[in-house]
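Here is the structure we will look at.
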Amino acid sequence: MRWAPLFVSCVTIAAAQDFSGIIVEKAATGQQFTEGPVWSPEGFLLFSDTVRNKLEKLLPGKAAVDFADVAGGPIGNTYDSQGRLYTCEFRQRRVTRTAKNGKVEILAAAFEGKKLNAPNDIVVRRDGHAYFTDPAFGNQEDSRQLDFYGVFHINTRGELEAVAKLKTRPNGIALSPNGRILYVADSDSRSIRAWDLDRAGAASNARVFADKIEGVPDGLRTDEKGNLYVAAKAVYVYSPQAQRLGQILVPETPSNLCFGEADLETLFGTARTSVYRVRIGVKGALQYLEK
647 MRWAPLFVSC VTIAAAQDFS GIIVEKAATG QQFTEGPVWS PEGFLLFSDT
697 VRNKLEKLLP GKAAVDFADV AGGPIGNTYD SQGRLYTCEF RQRRVTRTAK
747 NGKVEILAAA FEGKKLNAPN DIVVRRDGHA YFTDPAFGNQ EDSRQLDFYG
797 VFHINTRGEL EAVAKLKTRP NGIALSPNGR ILYVADSDSR SIRAWDLDRA
847 GAASNARVFA DKIEGVPDGL RTDEKGNLYV AAKAVYVYSP QAQRLGQILV
897 PETPSNLCFG EADLETLFGT ARTSVYRVRI GVKGALQYLE K
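In our numbering, the protein residues as written are 647 to 937.
This is how it looks when you write it as structure tokens:
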């Protein structure tokens, strides 16, 4: 299957980087609701088809194929520096980690004796600190036990702590290139929240990074320059100083994002029934901690 160009999206990211005329291509289609894209260390795109409880695999230039059944409802995915796959399972209300040999470990399912709401998206810093969001959408509200929507941290000892207990629902999550800033999309307030992270993974200095976002902010990613990409009504791009730099129009409402391919200069976006591909010309950020 060849990836077919759909249209040209006019975007200017910065004066030194003119991305005008980039081409948005459809890389996969026919899914029911795509989410959680992540580039595998083995050289393919992995993403969730949440309605079908499937993880799908997409090799460059090929059609997507089923990769794994996840009865717990896969949504957000990421890999750690050891190549282990982390998955938010919103139906089972837990976060799991799958080793290279296929062994599945439950990392988080409850907080202070109460079940999590519905883990949604996750990121892992290179030193092993993991952060995930725990909103509740639709009928997930009816069975939730926590009286807040959480942003959580799993430290390198496997201990779970709340970064934030919110009244509005967090969604997508990402790290700055140096691993020192945590970004979280707040779907209800149409904003992006941010926290500073120290070397031990602890969060401080909670603040609103950007607000008045058009549409419902969902998935987030950063590039190597620290620019933040936000999946909302379109894909919006912000500088590290929160200046809106441009937008990428997608035929369907985007749900989540990741950088991939061998040079990490392709932005993939999941969007309802399809996955889209855009050659950006800037590398995605490696989620590491500066020495």
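Glycine is no exception: its CB is placed at the ideal position from the N, C-alpha and C atoms. For clarity, every value in this text was computed on a predicted model and none was experimentally measured.
I'd like the list of long-range same chain contacts for residue i, defined as Cβ closer than 6 Å, with 5 residues on each side in sequence excluded.
i: residue 928; result: 869
i: residue 718; result: 735, 737, 738
i: residue 906; result: 685, 691, 912, 914
i: residue 837; result: 854, 857
i: residue 810; result: 797
i: residue 916; result: 680, 681, 683, 693, 901, 902
i: residue 740; result: 752, 755
Give a yes or no on whether the C-beta atoms belonging to residue i and residue j are separated by under 8 Å.
i: residue 722; j: residue 681; result: yes
i: residue 874; j: residue 903; result: no
i: residue 922; j: residue 672; result: yes
i: residue 853; j: residue 840; result: yes
i: residue 687; j: residue 732; result: no
i: residue 802; j: residue 774; result: yes
i: residue 720; j: residue 696; result: yes
i: residue 842; j: residue 831; result: no
If residue i and residue j are in contact, beta carbons under 8 Å, what's the gap, nearest whole angstrom?
i: residue 782; j: residue 764; result: 5 Å
i: residue 918; j: residue 898; result: 4 Å
i: residue 792; j: residue 757; result: 7 Å
i: residue 896; j: residue 670; result: 6 Å
i: residue 714; j: residue 674; result: Incorrect: roughly 16 Å between the Cβ atoms, too far for contact.
i: residue 796; j: residue 780; result: 4 Å
Measure from the alpha carbon of residue i to the alpha carbon of each residue in the options, then state which is nearest.
i: residue 808; options: 745, 777, 872, 880; result: 777
i: residue 871; options: 918, 821, 806; result: 821
i: residue 846; options: 837, 799, 856; result: 799
i: residue 784; options: 815, 759, 797, 767; result: 815
i: residue 676; options: 720, 712, 670; result: 712
i: residue 900; options: 760, 769, 876; result: 876
i: residue 668; options: 689, 727, 678, 894; result: 894
i: residue 749; options: 775, 730, 697; result: 730
i: residue 835; options: 851, 760, 812; result: 812
i: residue 833; options: 771, 766, 803; result: 766
i: residue 728; options: 761, 693, 771; result: 771
i: residue 844; options: 831, 779, 824, 837; result: 824
i: residue 789; options: 761, 716, 769; result: 761
i: residue 910; options: 689, 747, 746; result: 689
i: residue 768; options: 683, 887, 881, 786; result: 683
Grab me the residues of residue i's own chain with a C-beta within less than 7 Å of its C-beta, minus the 5 sequence neighbours each way, in chain order.
i: residue 878; result: 859, 860, 861, 862, 863, 864
i: residue 806; result: 754, 757, 798, 800
i: residue 698; result: 678
Please classify residue i as buried or exposed, where buried requires at least 16 other C-beta atoms within 10 Å of its C-beta.
i: residue 700; result: buried
i: residue 920; result: buried
i: residue 742; result: buried
i: residue 818; result: buried
i: residue 856; result: buried
i: residue 702; result: buried
i: residue 931; result: buried
i: residue 654; result: Interpretation of residue 654 is limited by its pLDDT of 44, a score under 50 that renders its predicted location unreliable; the figure taken from the coordinates is listed afterwards. Residue 654 comes out exposed.
i: residue 880; result: buried
Please report whether the beta-carbon of residue i lies at a distance below 8 Å from any beta-carbon of chain D.
i: residue 799; result: You won't find chain D in this structure, because it holds only one protein chain.
Residues in its own chain within less than 8 Å of residue i by CB, not counting five upstream and five downstream?
i: residue 889; result: none
i: residue 908; result: 689
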